Structures are given as structure tokens and as C-alpha cells.
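Engineer: Plus 2 on top of the position in the sequence shown (first one is 1) and you've got this note's numbering.
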Amino acid sequence: MSPPTTAATKIVTFPALIDTGASVTCISPHVAQTLGLQPMGMRPMLSATHSVPVNVYLVDLVLPFGAAGFLMPGAQVMEFATAGGSPFHILVGRDIICRGALTISFDGHFTFSV
Numbered sequence: 003m004s005p006p007t008t009a010a011t012k013i014v015t016f017p018a019l020i021d022t023g024a025s026v027t028c029i030s031p032h033v034a035q036t037l038g039l040q041p042m043g044m045r046p047m048l049s050a051t052h053s054v055p056v057n058v059y060l061v062d063l064v065l066p067f068g069a070a071g072f073l074m075p076g077a078q079v080m081e082f083a084t085a086g087g088s089p090f091h092i093l094v095g096r097d098i099i100c101r102g103a104l105t106i107s108f109d110g111h112f113t114f115s116v
């Protein structure tokens, strides 16, 4: 993941979770700070119980699927508050998942194809 730029791009990796319950891909404040991202605005993040305004960022997102990876330039992502002890800093939401086919099996394997 990196901020969009026309200059040399810095690629930094973060642990991510494929979250079929998230409609939009989200990043933690740690990701935003590490990459020096500036919010482009705010949007309400909705849950089953409430709505909270959160920062929205524009990033070039690279998912390590396949030899070349899956590039999403200029993706809008929302910031989420990480739960204590969670190892994940990116939640890959349906905005990305729906661009391909995700298959999850009971033996712990999954495939994602574009």
C-alpha cells in the first residue's frame, strides 16, 4: 500500500484480513501515519449499532495475489480503530473482493481470482 504518486513509490506491507462483512476497505491509523497519508475528507462508518465519522484516504493498493499482484490505483479507503491486540492493519472489504471471485473452503484454504 502506498499513497498515490507519480514519483518513485514506497511500498510498505501490513497484515491484512479479508473481511466479507466490510463494504469498504479500511486501514488502521498506524498505516495512515506510517505512509504519511493526509485525509481527503470524512465519511460515516456504519455498524449494526452506530455511525461514526472517520477519515477517508486515497491510496494505491497492491494485494499480493499472483506473481504480479493485484493493483488498485487511487482506491478510497476508510480509517478504522483497531481492537486491542489485533494483528491486522488492513481490512480488505467487498469493494475489492467483488472485483474478483473469492472461494473459501472448510479446510482453511481460499482462492481469489480476478
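Yeah, the Cβ is synthetic: ideal placement off N, Cα and C, and Gly gets one too. None of the values given here were measured: they were computed from a predicted structure.
1) Within the same chain, show all residues whose beta-carbon is closer than 8 Å to that of P31, passing over the 5 residues directly before and after it, in chain order.
2) Which residues share a DSSP beta bridge with I92?
3) Buried or exposed for L93, going by 16 or more other Cβ atoms inside 10 Å?
4) With burial defined as no fewer than 16 other Cβ atoms inside 10 Å of the residue's Cβ, what is the status of L48: buried or exposed?
5) Which class does A77 belong to by DSSP, given the choice of helix, strand or coil?
6) What is the rounded straight-line gap between the Cα of S88 and the Cα of V14?
7) Buried or exposed: G43, going by 16 or more other Cβ atoms within 10 Å of its Cβ?
Structural biologist: To lay it out plainly:
1) Spatial neighbours of P31 in its own chain (CB-CB distance under 8 Å, excluding positions within 5 residues in sequence) are listed in chain order as E81, A83 and T84.
2) BP columns for I92 point to A18 and I29.
3) L93 should be labelled buried.
4) L48 should be labelled exposed.
5) DSSP places A77 in strand when its eight states are reduced to three.
6) Their backbone Cα atoms lie some 19 Å apart in a straight line.
7) That one is exposed.
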